[in-house]
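Here UniProt numbering is used: the first residue of the sequence shown is 1, the next is one more, and so on. We put the beta carbon where it would ideally sit given N, CA and C, even for glycine.
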Amino acid sequence: MQAYYLSTPSKPVTPEALNSFGFKVASVPVTSTSQSQVSAIARERGYKTTEPMPDDPVQRWTARGGQEGQVEQMKQFYAQEKTTGCEIMFYVTSGGGFYDVRDPTSNTWIRITAVPGLVLALPAGAYHRYIIDAEIAAKGFLWMKGSPAEANSGFARSAEGDKSALRKAYLSSLGLSA
1 MQAYYLSTPS KPVTPEALNS FGFKVASVPV TSTSQSQVSA IARERGYKTT
51 EPMPDDPVQR WTARGGQEGQ VEQMKQFYAQ EKTTGCEIMF YVTSGGGFYD
101 VRDPTSNTWI RITAVPGLVL ALPAGAYHRY IIDAEIAAKG FLWMKGSPAE
151 ANSGFARSAE GDKSALRKAY LSSLGLSA
């Protein structure tokens, strides 16, 4: 796992720093038993639902209108959002991309390289976005503490979102104020 400040790629961010911001990071090498290992972690942490992560964005884009659909999907992936209602956890089994998360103390982006074996938990109320890599294919699993509707809902960063109870609860859990 590699993480760094997006504005200063030479400034690495340690897993301990990510954990202090509420982002739980682990590495579970992809093997024939790794999904059961990650499932055990998910059960331990109270995740209730799991589903496969979409694995072929190109196929989805084609189904959604070809090139125009691709542009819209890329905008959606790159849109800044936060999870609403529940914490989510990803496990990447192949392919890759990048998760950008906001450092809540400086409000700057941290880029986490999503490679096979990455386990990343994102707390409810934390700003994040996902960007696919040049190979535009990633496979894995998503676990949710709530329903899929809660996990898949999100909203763009805004003054209203910054004042939401969910955002305030996230910041409060870190000893920060909104």
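In angstroms with no decimal places, state the Cα-to-Cα distance between residue i and residue j.
i	j	result
residue 192	Ala42	Here the chain has residues from 1 to 178 only, and residue 192 is not among them.
Glu160	Met53	29 angstroms
Pro29	Glu16	19 angstroms
Phe98	Ser34	21 angstroms
Ser32	Met1	21 angstroms
Leu6	Asp133	15 angstroms
Trp143	Pro9	29 angstroms
Ala40	Gly96	23 angstroms
Could you check where the alpha helix (DSSP H) with residue i kicks off and where it finishes?
i	result
Ala159	Ala159 to Asp162
Ser10	Careful: Ser10 lies outside any alpha helix (DSSP H), inside the beta strand (DSSP E) at Thr8 to Pro12.
Leu174	Run containing Leu174: none; DSSP gives neither H nor E here.
Ser20	Pro15 to Ser20
How about residue i and residue j: do their beta carbons lie closer than 8 angstroms?
i	j	result
Ile131	Leu120	no
Lys156	Gly125	In the sequence as displayed, the identity of residue 156 is Ala instead of Lys. Not in contact: Ala156 and Gly125 (Cβ atoms no closer than 8 angstroms).
Phe21	Leu166	no
Thr93	Lys139	yes
Pro148	Glu51	yes
Tyr47	Met89	yes
Can you round the beta-carbon distance between residue i and residue j to whole angstroms, since I take them to be within the 8 angstroms contact cut?
i	j	result
Arg129	Asp100	5 angstroms
Ser27	Gly117	5 angstroms
Could you give the first and the last residue of the continuous beta strand (DSSP E) run that contains residue i?
i	result
Lys82	Glu81 to Thr83
Glu51	Thr49 to Pro52
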